[in-house]
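With mature numbering (1 follows the signal peptide of the UniProt record, and there is no 0) as the guide, the letters of the sequence shown map in order to residues -26 to -1, 1 to 524.
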Amino acid sequence: MIRRKCGTLLSIYAILLVTFLEYGNCASRSVKDPAKFKKSLNSVTSGNYERTPENTPRLGVCERDFAGRDTKVIAETGGGLPLVEDATLPILKVEDHIWEGKSIQLTCNASYPVKFEYIGPGMPIVKTETYRKAPDFYDPKTYSYAVSVVFSHTTEQQSGNYTCRSIKEPALATYMYLFVPGSHVFIGDSVTPANETILVRAKDRDQWVTLPCATSLKDSQVQLFKILASGRLQEIPLSDSVAFDVASGFHLKWRGAGALNETWGNYLCRVSGERYEKIHLRLMPPERNDPLMKIRVTYPELRLRIVISVLKYNWKKLVETVRPIVRGDAEENSLTYERESVTGSSKLRITFDQENDMIECCATEPQLRPKMKITPCSSTNDCQMAKKYLEKSCDLLKNTNCDNFVDQISGGCVGYPLATGSVSEGGILQCMVDETESVFMQFSYGSGGLVSDFSTIPQTSRILNIAREDTRNKTVGRYYCDANQFFFSHGLKWAIKKRDGSIELLPEKKFPQRPIKEIDETQAVEVICYAPVWDSLTDWKSASMKTPKS
């Protein structure tokens, strides 16, 4: 786990894995030919499933108690249910989660692998988990899939659009906009220190500009005022040139037919009623010499990608490539990500120092000073959700140090020391040298070493392992299945290989099964753990260990 201020809160999520859905014990069955069984599993594809409106993901948000039981259904939509576009969450305090185990869970169920996406002005702090249920391990048509977002507390920054989407068929999606109460009414970029003015600059390619006055209250009454030179407030009413969206703020038309007169200047957004709050903004015209599109490189999708940047005056096309580079024998297992640009701009390089267990980010030009920040996450979908928080939690351009755990190695390099020993951790980092040079990298680090390429599944032994320890009963062993959640969903299966060569699945008492299992070794020669690949319809990976007396 990443050693951060929020680490204490994040660590308690291990407790939350006790429940998602519960069902009766599965009957034990034997497989005489494991190879034939595996072949039959892989014969099922997404094309075998009928796609109907009723088969869109089903989305629900509930309050839960310490045992993971639903105590109140807040809202449901999708999967043939009536359309519900938004919901307001109740207040949940951190201490209620820690001491009483209460939580709010947004859950999506589907007949295919799904993931959550967050779209909004906030920076949610949530925990995202994926699941595969297989009531009949031998019949993939019985499989179902789920993804959940767990709120351990509520804050206005969690307000936004939560979309559950099929991983393989993105058009299959269901969303719900959540209004989440907190200490502020305004959210996103509007949350600034008292009396600070938010700078908003229009973009030359657009006719409209947005003043970020998004709110966490669905029915909040927000007014927009322009601050005149005299200091007097002039209210700006809604019109064909002025629109308001609770999820984003005020939209002003500054160019084209019907545009506002004298758009630039100082503004004030104010919400009145039970919660009085105001923010100051300064609206400025476009910078004429800025590129219309900023170049950004985003990891972990390590595929060759082309980014086109169009300049206002010469319309020159600038091509940029990103490539993963594997070093030779001198730096065995050292993976370097290099950012190259044919524009003549600066470069950033992220490397893994295996000797010192450190991720390093260096600028290739000596005058540049890179900065880095990191946030923890435990799976690919969790990191995708955490990226929004990482981007907004601390401005690397304005702050000298955004992360106490990042070390300044030299003038041109910064590094993050990874946990050593038996501790595993995962996260997503951002390294930046200026507003156009930013790299994101997702990583997982544990007994299998550093993994930072998630486009393919590594060798199974690096991400799935099984271990054993003795118990007081000499005929029973305690086994632990360590499945890397960046590659696997919850929903593992335990099995034993018997002396006659058959494989018998062990019964389940609840879903998901715990990664620890006590097994009677009198009839077993081998213990097997099957883990479901998180983004696959049918694939499983397995790890096994022979019993001591086999």
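Just so you know, even glycine gets a beta-carbon here, dropped at the ideal spot from N, CA and C.
Integer Cβ distance of residue i from residue j, believed to fall under 8 Å
| i | j | result |
| --- | --- | --- |
| Thr184 | Val245 | Not a contact, Cβ separation roughly 17 Å. |
| Glu59 | Ser353 | The pair is not a contact, with the Cβ atoms about 28 Å apart (cut-off 8 Å). |
| Thr148 | Cys138 | 5 Å |
| Ile477 | Gly451 | With 8 Å as the limit, Ile477 and Gly451 do not qualify as a contact, their Cβ atoms being about 17 Å apart. |
| Ile253 | Phe160 | 6 Å |
| Ser215 | Leu202 | That pair is no contact at about 19 Å. |
| Asn240 | Arg229 | Contact flag wrong, Cβ pair sits at about 20 Å. |
| Ile431 | Cys503 | Wrong, their Cβ atoms sit about 16 Å apart, outside the cutoff. |
| Pro155 | Leu63 | 7 Å |
| Gly386 | Ala337 | 5 Å |
| Lys76 | Val121 | Wrong, their Cβ atoms sit about 21 Å apart, outside the cutoff. |
| Asn458 | Ser426 | Their Cβ separation, rounded to whole angstroms, is 13 Å, which puts Asn458 and Ser426 out of contact at 8 Å. |
| Phe414 | Lys484 | Not confirmed; about 37 Å, so no contact. |
| Val100 | Gln131 | That belief does not hold up - the Cβ atoms of Val100 and Gln131 are roughly 10 Å apart, past 8 Å. |
| Tyr136 | Val124 | With 8 Å as the limit, Tyr136 and Val124 do not qualify as a contact, their Cβ atoms being about 12 Å apart. |
| Pro489 | Cys455 | 5 Å |
| Glu495 | Thr445 | Contact doesn't hold; Cβ gap of about 10 Å is too wide. |
| Phe199 | Leu234 | Not quite, the Cβ-Cβ distance comes to about 14 Å (not below 8 Å), so this is no contact. |
| Leu479 | Phe111 | 6 Å |
| Gly162 | Pro95 | 3 Å |
| Glu409 | Leu364 | The Cβ separation is near 16 Å, so there is no contact. |
| Leu191 | Ala61 | At roughly 13 Å, the Cβ-Cβ gap does not stay under 8 Å, so Leu191 and Ala61 are not in contact. |
Residues near residue i by beta carbon distance below 6 Å, same chain, minus five either side
| i | result |
| --- | --- |
| Lys515 | Thr434, Leu438, Ala505 |
| Arg32 | Gly52, Gly53, Asn83 |
| Thr45 | Glu37, Asp39 |
| Asp356 | Thr102 |
| Ile383 | Gly389 |
| Val507 | Asp513 |
| Arg473 | Val499 |
| Pro522 | none |
| Ala108 | Tyr117 |
| Lys491 | Tyr453, Trp468 |
| Val380 | Met346, Val388, Tyr390 |
| Thr394 | Asp331 |
| Leu146 | Thr30, Ser140 |
Beta-carbon contacts of residue i that lie in its chain and below 7 Å, excluding the five residues immediately before and after
| i | result |
| --- | --- |
| Glu261 | Arg175 |
| Phe428 | Pro274, Thr354, Gln416, Phe460 |
| Ser524 | Val499, Glu500 |
| Val47 | Gly34, Cys36 |
| Phe218 | Val196, Leu212, Phe224 |
| Lys366 | Met97 |
| Arg106 | Tyr117, Tyr119, Ser463, Gly465, Pro506 |
| Asp377 | Met346, Lys347, Ile348 |
| Cys351 | Cys357, Ala360, Gly400, Gly401, Ile402 |
Beta-bridge partners of residue i, as assigned by DSSP
| i | result |
| --- | --- |
| Ile93 | Asn135 |
| Val121 | Cys82, Thr104 |
| Gly517 | In the sequence on display, residue 517 carries Ala and not Gly. BP columns for Ala517 point to Cys503. |
| Asp60 | Tyr151 |
| Gly52 | Arg32, Leu55 |
| Phe417 | Gly401 |
| Cys336 | Arg323, Cys387 |
| Phe160 | Thr189 |
| Cys243 | Leu198, Ile253 |
| Met406 | Lys345, Ser412 |
| Glu37 | Lys46, Ile78 |
| Asp381 | Gly389 |
| Met258 | Arg175 |
| Leu66 | DSSP, once it has assigned bridges, lists no residue as partnering Leu66. |
| Gly422 | In the DSSP output, where bridge partners are listed per residue, Gly422 has none listed. |
| Ser140 | Val88 |
| Pro350 | Gly401 |
Contacting residues, own chain, Cβ-Cβ under 8 Å from residue i (five flanking each side not counted)
| i | result |
| --- | --- |
| Ser194 | Val159, Val220, Val245, Gly247, Arg249 |
| Gln487 | Gly465, Leu466, Lys467, Trp468 |
| Leu392 | Asp331, Met332, Ile333, Glu399, Tyr419, Leu424 |
| Glu251 | His158, Val159, Phe160, Arg244, Val245 |
- In chain order, each beta strand (DSSP E) run of at least 3 residues that lies wholly inside the region 431 to 513: If one requires a minimum length of 3 residues, the beta strand (DSSP E) runs lying completely within the region 431 to 513 are 438 to 444, 450 to 457, 467 to 472, 477 to 479, 490 to 494, 498 to 506, in chain order.
- Query: Unbroken beta strand (DSSP E) runs of length 3 or more, entirely within the region 164 to 236: which are they?
  - Reply: Inside the region 164 to 236, DSSP marks whole beta strand (DSSP E) runs of 3 or more residues at positions 171 to 175, 182 to 185, 195 to 201, 207 to 209, 216 to 219, 223 to 227, from first to last along the chain.
- Task: Determine contact between the region 400 to 413 and the region 339 to 349, defined as no fewer than three beta-carbon pairs at a distance below 8 Å.
- Result: Contact between the region 400 to 413 and the region 339 to 349 is present, because at least three Cβ pairs lie under 8 Å.
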